[in-house]
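>
Protein chains: 4
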Amino acid sequence: MIDSKHRLQMKSIRLEALGDGIFSIAMTIMVIELAIPVVKGNGWADFLSALKLIGSDFLCYFISFVVLGIMWYGHRMMFEYIGHTDRYFIFLGVLFYMVICLVPFSTRILAHETLKWYSILVYAVNLSLCNLSLYIQWLYGIKKPALMERELPGEVKKEARILFLISPGLYAVAIAFSFFIPEVSIGIFIITPLLYLLPNKLDRYMP
Amino acid sequence: MIDSKHRLQMKSIRLEALGDGIFSIAMTIMVIELAIPVVKGNGWADFLSALKLIGSDFLCYFISFVVLGIMWYGHRMMFEYIGHTDRYFIFLGVLFYMVICLVPFSTRILAHETLKWYSILVYAVNLSLCNLSLYIQWLYGIKKPALMERELPGEVKKEARILFLISPGLYAVAIAFSFFIPEVSIGIFIITPLLYLLPNKLDRYMP
Amino acid sequence: MIDSKHRLQMKSIRLEALGDGIFSIAMTIMVIELAIPVVKGNGWADFLSALKLIGSDFLCYFISFVVLGIMWYGHRMMFEYIGHTDRYFIFLGVLFYMVICLVPFSTRILAHETLKWYSILVYAVNLSLCNLSLYIQWLYGIKKPALMERELPGEVKKEARILFLISPGLYAVAIAFSFFIPEVSIGIFIITPLLYLLPNKLDRYMP
Amino acid sequence: MIDSKHRLQMKSIRLEALGDGIFSIAMTIMVIELAIPVVKGNGWADFLSALKLIGSDFLCYFISFVVLGIMWYGHRMMFEYIGHTDRYFIFLGVLFYMVICLVPFSTRILAHETLKWYSILVYAVNLSLCNLSLYIQWLYGIKKPALMERELPGEVKKEARILFLISPGLYAVAIAFSFFIPEVSIGIFIITPLLYLLPNKLDRYMP
Chain H
10 MIDSKHRLQM KSIRLEALGD GIFSIAMTIM VIELAIPVVK GNGWADFLSA LKLIGSDFLC
70 YFISFVVLGI MWYGHRMMFE YIGHTDRYFI FLGVLFYMVI CLVPFSTRIL AHETLKWYSI
130 LVYAVNLSLC NLSLYIQWLY GIKKPALMER ELPGEVKKEA RILFLISPGL YAVAIAFSFF
190 IPEVSIGIFI ITPLLYLLPN KLDRYMP
Chain D
10 MIDSKHRLQM KSIRLEALGD GIFSIAMTIM VIELAIPVVK GNGWADFLSA LKLIGSDFLC
70 YFISFVVLGI MWYGHRMMFE YIGHTDRYFI FLGVLFYMVI CLVPFSTRIL AHETLKWYSI
130 LVYAVNLSLC NLSLYIQWLY GIKKPALMER ELPGEVKKEA RILFLISPGL YAVAIAFSFF
190 IPEVSIGIFI ITPLLYLLPN KLDRYMP
Chain S
10 MIDSKHRLQM KSIRLEALGD GIFSIAMTIM VIELAIPVVK GNGWADFLSA LKLIGSDFLC
70 YFISFVVLGI MWYGHRMMFE YIGHTDRYFI FLGVLFYMVI CLVPFSTRIL AHETLKWYSI
130 LVYAVNLSLC NLSLYIQWLY GIKKPALMER ELPGEVKKEA RILFLISPGL YAVAIAFSFF
190 IPEVSIGIFI ITPLLYLLPN KLDRYMP
Chain V
10 MIDSKHRLQM KSIRLEALGD GIFSIAMTIM VIELAIPVVK GNGWADFLSA LKLIGSDFLC
70 YFISFVVLGI MWYGHRMMFE YIGHTDRYFI FLGVLFYMVI CLVPFSTRIL AHETLKWYSI
130 LVYAVNLSLC NLSLYIQWLY GIKKPALMER ELPGEVKKEA RILFLISPGL YAVAIAFSFF
190 IPEVSIGIFI ITPLLYLLPN KLDRYMP
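Here it is, written out as structure tokens:
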């Protein structure tokens, strides 16, 4: 046994900082890829039709930004309960960040061919992998008492599972619809993040 | 009621870190978009005429950088009073960061066609939305005593309202002028950030 | 002698923050360079052949992301033992960050011509320089008691040396193979990061 | 007078975080602009001549990275003495960050036409403005006792002035030489950062 003097703290703060950096870049980087509208003429109609051309790009940007915001929120909440890390926890974190970094890429694909089944597939799989890899990291962390910062109430554990798994479930439905009515898939992409705005059982634990 | 042992801290420090990351990227990213000047020849005149060609790009870069600096300052000041967060406060923060991330995009549009009414419109609307969304986040935060870090003097509250709303007001004037004398609009874009350098009532609270 | 009142703290926290920023950008930036797949047609076969075309790009992205994750981990572990900095320690840190920043560049080269000896050479040399420059920074830091945060057990010192030097050793083998069977070199690039997932002697010091 | 309960802390930590973010992006962003070498053939000679073609790009990248590293160091040292901020201090900081963000731009110009007088002029002026704006921020900060974290010894003040002003002085010489022997100017760009590696009077204050 290692005596406590030699035992490392391994506080989670550095991993959180890496994550905050990655999220802030992934969120910002999507804007570089927005092409500026080409307005042909000087009237309102010209301006509006130029806006219309970049409309689906913007829609995808907005959805992805809000989704990344929600994932950042989930990631941030995880560290309210988990305050220390170990090697495997950090490796799982790196995998999570890897799929997060792919979101601007998937967004570009979806913006490029919004109603194609394969664009919807790539986007839905990417977002689902974000949720699932964070969920795995969470499950690993809460299993190890030495990593915990505070006691995890059973209610929070259950609610977290729902919040982690609801998106992949809905995105699976979006994939299924993509072959027939891709507009429904896009609708699901729009509605899913809004669900996280509804009151949930974790609100009671907020200050 | 949740007992205090289970109540989460939800310190604002992580949201501040995300915001600092987003601001620093938005500020830096604008430079990637600056085209390097093409100097045709080896004389001073060649150099100066090359500089002239990139002059409006640079002007837009400078204005946007200083405006983002001022918004970062407002965002930073908010957290002197608000020290904790909840779910909705964070969501409002994500919306604020979303419009902040669009500033390099609007700047590119303005730099591309500086004196067009629609460029001025997009830029003015974007900057106004930054101020207004931060103001909404601020109003939400100061309404909830559990989020406050320290008491908010009435004088600060009033002065903050003025500082939040002065830019959108001036930018509305800039939009109005853009249809007739767009040079005045650009002048307003230049002068507005300088107003934030004037002494104000918050200076008394500084160290 | 300077009295203790004037002696600077020089906590390592700022250098860690700079490093976290650089790592998060280097990790994220690689995605910008991923070209989106061009799907010619609407069938599964079209989609799969488009994926295949970007397959080696993705492989290189994955390898580099995980390698950067491991280097971030090593960098993070260093600061569990070293809590203060001086001028030369920071300069060595800047050199380390400089070669880290080149990883997206080398990755692009490897992704562009994956099986060419010179791509493998550039990539292997870049990754080796990352490990070696961090090792030099580490050796400098642990030699100066004033920089240490806690006592460094002899076992950790030895294990760290192995972990620092194992990659450059394997990458040298990858370079040697690149002239004859470059597929083996790529295999080494894939396997090397996985070795860091095996249990090691540092695990005993984890919480 | 405002009573101490209402007086804001205005700790410098947020400004430092913004700065660390901006430095890490400015340092990393230069790599995106490095074009990958085009190797025509499969021999050593082909590889070396490809390397040669990107040689001046790399030289500029290395110089700028180290210069930014040194400026980060100066910026970091400033906050060992200054621990609080006010509005004007932050505005001066934004100006400093603005010229820092332009370094990747100037580097691109220098890399594009390394031996032209106007490239050298732009680069030298940019780096000088970095030093001078940081120096102005420093002078403003140390003049206000309320911002200071610890006492500033006279010796440190003098040495800081030398370290702040030595680069602009040398860069002025580089500009002068650029019209006759631009190779000397490049030599000055290479040597100047190395001067900061020499022992100086601040070393005595290090841990």
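Sequence lines, in order, name chains H, D, S and V.
Residues in the first sequence are numbered consecutively from 10, following the working numbering.
Residues in the second sequence are numbered consecutively from 10, following the working numbering.
Residues in the third sequence are numbered consecutively from 10, following the working numbering.
Residues in the fourth sequence are numbered consecutively from 10, following the working numbering.
Beta carbons: idealized from backbone N, C-alpha and C, even for Gly.
Because the structure is a prediction, the values reported are computed rather than measured.
(1) Is Ser-13 (chain D) buried or exposed, if buried means 16 or more other CB atoms sit within 10 Å of its CB?
(2) Alpha carbon to alpha carbon, what distance is there between Ser-128 (chain V) and Glu-1 (chain V)?
(3) Met-80 (chain V) by DSSP, collapsed to three states: which one?
(4) Would you call the CB atoms of Val-76 (chain S) and Leu-136 (chain S) closer than 9 Å?
(5) According to DSSP, what are the bridge partners of His-93 (chain S)?
(6) Just to confirm the assignment, what range does the alpha helix (DSSP H) spanning Glu-192 (chain V) have?
(7) For Met-157 (chain S), which beta-bridge partners are listed by DSSP?
(8) With distances taken from CA atoms, which of H:Trp-81, H:Lys-20, H:Phe-100 and H:Ile-118 is nearest Asp-66 (chain H)?
(9) What residue range is occupied by the uninterrupted alpha helix (DSSP H) comprising Leu-62 (chain V)?
(10) Could you confirm whether any beta carbon from chain H is found closer than 9 Å to the beta carbon of Leu-130 (chain D)?
(11) Assuming Leu-172 (chain V) and Ser-142 (chain V) form a contact by the criterion Cβ under 8 Å, report the distance between their Cβ atoms to the nearest whole angstrom.
(12) How would you label Asp-212 (chain H), buried or exposed, when you count the other beta carbons within 10 angstroms and need 16 or more for buried?
(13) Less than 9 Å between the beta carbons of Val-40 (chain S) and Ile-38 (chain H), yes or no?
(14) Would you say Arg-159 (chain S) lies against chain H (beta-carbon separation less than 9 Å)?
(15) Alpha carbon to alpha carbon, how far is Ile-109 (chain V) from Lys-125 (chain H)?
(16) How would you label Leu-24 (chain H), buried or exposed, when you count the other beta carbons within 10 angstroms and need 16 or more for buried?
(17) Going by beta carbon distance, what residues of the same chain come within less than 7 Å of Tyr-149 (chain S), once the five residues before and after it are set aside?
(18) Return the residue from the list D:Asp-95, D:Pro-191 and D:Phe-198 that minimises the CA-CA distance to Leu-179 (chain D).
(19) Which residues, in chain order, does the region 122–147 of chain S contribute to contact with chain V at a C-beta distance below 9 Å?
(20) Please classify Pro-162 (chain S): does DSSP put it in a helix, a strand, or coil?
(21) Going along the region 17–39 of chain V in order, which residues come within less than 7 Å of chain S, judged by CB to CB distance?
(22) Helix, strand or coil for Ser-13 (chain S)? Go by DSSP, reduced to three states.
(23) Quick check on Leu-62 (chain D): buried or exposed, where buried means 16 or more other Cβ atoms within 10 Å of its Cβ?
(24) Inspect the beta-carbon positions of Pro-177 (chain H) and Asn-209 (chain H) and report whether they are closer than 9 Å.
(25) Among S:Met-215, S:Met-36 and S:Lys-152, whose alpha-carbon lies nearest the alpha-carbon of Pro-154 (chain H)?
(26) Measure the Cβ-Cβ separation of Met-36 (chain S) and Ile-31 (chain H) and say whether it is below 9 Å.
(27) Name the chain S residues that come within less than 7 Å of Glu-192 (chain V), Cβ to Cβ?
(28) In the DSSP assignment, the alpha helix (DSSP H) including Tyr-214 (chain H) goes from what residue to what residue?
(29) Distance cutoff 9 Å, beta carbons only. Does Arg-85 (chain S) sit that close to anything in chain V?
(30) Who are the neighbours of Leu-156 (chain D) on chain H, taking C-beta pairs under 8 Å?
(31) In the DSSP assignment, the alpha helix (DSSP H) including Leu-43 (chain S) goes from what residue to what residue?
(32) Following the continuous alpha helix (DSSP H) through Val-134 (chain V), name the residue where it begins and the one where it ends.
(33) Can you check whether the C-beta of Ile-79 (chain D) is within less than 9 Å of a C-beta belonging to chain V?
(34) Would you call Phe-189 (chain H) buried or exposed, if buried means 16 or more other Cβ atoms sit within 10 Å of its Cβ?
The answer reads as follows:
(1) Here residue 13 (chain D) refers to the residue found at position 4 of the second sequence. Label assigned to Ser-13 (chain D): exposed.
(2) Since the first residue shown for chain V is 10 and the last is 216, residue 1 (chain V) is missing from the structure and cannot be characterised.
(3) As a position in the fourth sequence, residue 80 (chain V) is number 71, starting the count at 1. It is helical.
(4) As a first step, residue 76 (chain S) must be located in the third sequence, where it is residue number 67. As a first step, residue 136 (chain S) must be located in the third sequence, where it is residue number 127. Against a cut-off of 9 Å, the Cβ pair of Leu-136 (chain S) and Val-76 (chain S) comes out as a contact.
(5) As a first step, residue 93 (chain S) is located in the third sequence; it is residue number 84 there, counting from the start. In DSSP, His-93 (chain S) forms a bridge with S:Lys-20.
(6) Position 183 of the fourth sequence, counted from the start, is the residue given in the question as residue 192 (chain V). Here the alpha helix (DSSP H) through Glu-192 (chain V) covers 191–204.
(7) Position 148 of the third sequence, counting from 1, holds the residue named residue 157 (chain S). Note: Met-157 (chain S) is bridge-paired with S:Ile-91 in the DSSP secondary-structure output.
(8) For the purposes of this step, residue 66 (chain H) is identified with residue 57 of the first sequence, where counting begins at 1. Measuring from the Cα of Asp-66 (chain H), the nearest candidate turns out to be H:Ile-118.
(9) Walking along the fourth sequence from the start, residue 62 (chain V) turns up at place 53. 53–62 is the span of the alpha helix (DSSP H), which, as asked, contains Leu-62 (chain V).
(10) Stepping through the second sequence from its first residue, residue 130 (chain D) is reached at position 121. Yes, Leu-130 (chain D) counts as interfacial toward chain H.
(11) Position 163 of the fourth sequence holds residue 172 (chain V). Position 133 of the fourth sequence holds residue 142 (chain V). Not quite, the Cβ-Cβ distance comes to about 15 Å (not below 8 Å), so this is no contact.
(12) The sequence position of residue 212 (chain H) within the first sequence is 203, counting from 1. Exposed, since its Cβ has fewer than 16 Cβ neighbours within 10 Å.
(13) Numbered from 1 along the third sequence, position 31 holds the residue referred to as residue 40 (chain S). Numbered from 1 along the first sequence, position 29 holds the residue referred to as residue 38 (chain H). Taking 9 Å as the Cβ cut-off, Val-40 (chain S) and Ile-38 (chain H) qualify as a contacting pair.
(14) The residue given as residue 159 (chain S) occupies position 150 in the third sequence. So, interface residue.
(15) Numbered from its first residue, the fourth sequence carries residue 109 (chain V) at position 100. Numbered from its first residue, the first sequence carries residue 125 (chain H) at position 116. C-alpha separation (whole angstroms): 43 Å.
(16) Along the first sequence, read from residue 1 onward, the residue named residue 24 (chain H) stands at position 15. Counting Cβ neighbours within 10 Å, Leu-24 (chain H) comes out buried, since at least 16 surround it.
(17) As a position in the third sequence, residue 149 (chain S) is number 140, starting the count at 1. So the qualifying residues of the chain are Tyr-97, Phe-98 and Leu-101.
(18) The count along the second sequence starts at 1 and reaches residue 179 (chain D) at position 170. Here the closest residue by C-alpha is D:Phe-198.
(19) Glu-122, Lys-125, Trp-126, Tyr-127, Ser-128, Leu-130 and Val-131
(20) Taking the first residue of the third sequence as position 1, residue 162 (chain S) is located at position 153. Coil at Pro-162 (chain S), not helix or strand.
(21) Residues of the region 17–39 of chain V with a Cβ closer than 7 Å to any Cβ of chain S, in chain order: Glu-25, Ala-26, Asp-29, Gly-30, Phe-32, Ser-33, Ile-34, Met-36 and Thr-37.
(22) Counting from one through the third sequence, the residue named residue 13 (chain S) turns up at place 4. Ser-13 (chain S) sits in coil when the DSSP states are folded into three classes, being neither helix nor strand.
(23) By one-based count along the second sequence, residue 62 (chain D) stands at place 53. With fewer than 16 other Cβ atoms within 10 Å, it is exposed.
(24) Numbered from its first residue, the first sequence carries residue 177 (chain H) at position 168. Numbered from its first residue, the first sequence carries residue 209 (chain H) at position 200. In this structure, Asn-209 (chain H) does not lie closer than 9 Å to Pro-177 (chain H) by Cβ.
(25) Against the first sequence, residue 154 (chain H) aligns to sequence position 145. Selected option, being the one with the closest Cα: S:Met-215.
(26) Position 27 of the third sequence holds residue 36 (chain S). Position 22 of the first sequence holds residue 31 (chain H). Yes, the pair counts as a contact, with Cβ atoms nearer than the cut-off.
(27) Counting from one through the fourth sequence, the residue named residue 192 (chain V) turns up at place 183. Residues of chain S passing the Cβ test: none, with the nearest at roughly 24 Å.
(28) The residue you call residue 214 (chain H) lines up with position 205 of the first sequence. First-last for Tyr-214 (chain H): undefined, no H or E at that position.
(29) Here residue 85 (chain S) corresponds to residue number 76 of the third sequence, with the count starting at 1. Chain V contact via Cβ: absent.
(30) For the purposes of this step, residue 156 (chain D) is taken as the residue at position 147 of the second sequence. Ordered by position in chain H, the residues that pass the 8 Å Cβ test against Leu-156 (chain D) are Pro-216.
(31) On the third sequence, position 34 is the one that residue 43 (chain S) refers to. Per DSSP, Leu-43 (chain S) belongs to no alpha helix (DSSP H) and is neither H nor E.
(32) The residue you call residue 134 (chain V) lines up with position 125 of the fourth sequence. For Val-134 (chain V), the uninterrupted alpha helix (DSSP H) run begins and ends at 126–152, by DSSP.
(33) The residue given as residue 79 (chain D) occupies position 70 in the second sequence. So, interface residue.
(34) One-based indexing of the first sequence puts residue 189 (chain H) at position 180. Exposed.
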